[in-house]
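Counting from 1, position 25 in the sequence shown corresponds to residue 315 in our numbering; the numbering is continuous, with no gaps.
Ideal Cβ positions, reconstructed from N, Cα and C, are used throughout, including at glycine.
Only one structure is covered here, and it is reproduced in the block below.
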Amino acid sequence: MPAPVISVLHDTPGVRAQLVSLLTGTVAQGGSVGFMHPLSPAVADAFWAGSLAAAARDERTVLGAWAGDTLIGTVTLLLALPPNQLHRAEIAKMMTRPQWRGQGVARALLRRAEALAVERGRTLLVLDTATEGGAAGLYEKAGYTRAGEIPDFALKPHGGLTGTLLYWKRIGPAATSAAPEDASE
Ligand SMILES: CC(C)(COP(=O)(O)OP(=O)(O)OC[C@H]1O[C@@H](n2cnc3c(N)ncnc32)[C@H](O)[C@@H]1OP(=O)(O)O)[C@@H](O)C(=O)NCCC(=O)NCCS
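Here you go:
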C-alpha cells in the first residue's frame, strides 16, 4: 500500500462519523483505547466532539490517515499539560481500522505526530499501552523506551483487567544528544 495521506482533523459531520465508526469498531475488536464494549455511537460521538473541540482550542491535535475518502486510522497528540511540563506531549487514541492493519498506517501517524510535537517545541513524548493486546511492539520499533509496567491498570473492552506499559521518547534537539532512537529507521 502507498503511504497513507495524513492530515489534521477538524470537526465536520463526515469526519465525526468516520471517527465514531473507527472507535466503536476498534473497541469491539478488543482495542484498549479507554472504552468498554459495546461502545454506543452516541458515546463515541460525544467523545470525538469533545476531543475535536479541545483541538480547536489548540489543546491537542487529532490526526487522521486516509485512503481516498476513508479514514483508516487516527492518533491524538495531547499538548495541554501542566505549566511545568510544557516541554512534553502525550500520544493517545492510536488506532487503525482492522482491515487496514499491518500496512504501516500507525507508523505513519506516529511519525507525523512526532514531527508536529517537535514543531511545537516539545522535546519529550510519553504514552501508555495495554500490556495485553496493546501496541508495545509498534512503539518499541519507533524508538520508545519502556519505563515500566503498572499491573491491573484498566479493564479490557470485553472485561478482565490488564496492566499498562509506560513509554517515553526524546524528540527534537534533545534527541540528538541522547541514546539511539528510532530502531526502524
Ligand atoms: C496498534 C495498532 C494501532 C497498529 O496499527 P497498524 O497500522 O497495524 O500498525 P503498523 O502497520 O503501522 O505497524 C508498524 C510496526 O509496528 C508493529 N506493530 C504494530 N502493532 C503492533 C502490536 N500490537 N504489537 C506488536 N507490534 C506491532 C508492526 O509489526 C510493524 O512492524 P514492522 O514494520 O516491523 O512490520 C492497531 O493494531 C490497532 O488499532 N489496535 C487496536 C487499538 C490499540 O490497541 N491501539 C493502541 C493504543 S496505545
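Nearest-angstrom beta carbon gap, residue j and residue i [assumed within contact, 8 Å]
| i | j | result |
| --- | --- | --- |
| Leu353 | Glu380 | No, Leu353 and Glu380 are not in contact; Cβ-Cβ is about 14 Å, not under 8 Å. |
| Met384 | Leu399 | 7 Å |
| Ala317 | Pro447 | This sequence places Val at residue 317; Ala is not what is there. About 5 Å; that satisfies the 8 Å criterion. |
| Val310 | Pro331 | 5 Å |
| Gln393 | Met291 | 5 Å |
Identified DSSP bridge partners for residue i
| i | result |
| --- | --- |
| Ser297 | Gly354 |
| Asp418 | Leu456 |
| Ala378 | In the sequence as displayed, the identity of residue 378 is Arg instead of Ala. Paired residue(s): Leu414. |
| Glu439 | Leu455 |
| Thr478 | Residue 478 is absent from the structure shown; the chain starts at 291 and stops at 475. |
| Ala465 | According to DSSP, which records beta bridges pairwise, Ala465 is partnered with nothing at all. |
| Leu361 | Trp356 |
| Ala444 | Thr452 |
8 Å Cβ shell around residue i - same chain, five flanking residues per side excluded
| i | result |
| --- | --- |
| Ala339 | Asp301 and Arg306 |
| Asn374 | none |
| Pro463 | Thr413 |
| Gly321 | Met385, Gly423 and Pro447 |
| Glu439 | Thr421, Gly453, Thr454, Leu455 and Leu456 |
| Leu445 | Met326, Leu451 and Thr452 |
| Arg378 | Leu371, Arg412, Thr413, Leu414, Leu415 and Val416 |
| Gly304 | none |
Distance CB(residue i)-CB(residue j) smaller than 9 Å
| i | j | result |
| --- | --- | --- |
| Leu455 | Thr419 | yes |
| Ala355 | Thr314 | no |
| Thr452 | Gly427 | no |
| Thr351 | Leu312 | no |
| Ala334 | Phe325 | yes |
| Ala370 | Glu404 | no |
Close beta carbons around residue i, own chain, < 7 Å, minus the five adjacent residues each side
| i | result |
| --- | --- |
| Lys459 | Leu415, Gly433, Tyr434, Thr435 and Glu471 |
| Gln308 | Leu361 |
| Tyr429 | Leu417, Thr419 and Tyr457 |
| Pro441 | Gly453 |
| Ala345 | Thr351 and Val352 |
| Arg402 | Ile296 and Leu353 |
| Val478 | Since the first residue of the chain shown is 291 and the last is 475, residue 478 is not available in this structure. |
Cβ-based neighbour list, residue i, same chain, cut-off 6 Å, excluding 5 preceding and 5 following
| i | result |
| --- | --- |
| Ala382 | Thr366 and Leu368 |
| Gly449 | none |
- Message: For the structure I just gave you, are there three or more beta carbon pairs, one from the region 386-400 and one from the region 292-305, closer than 8 Å?
- Response: yes
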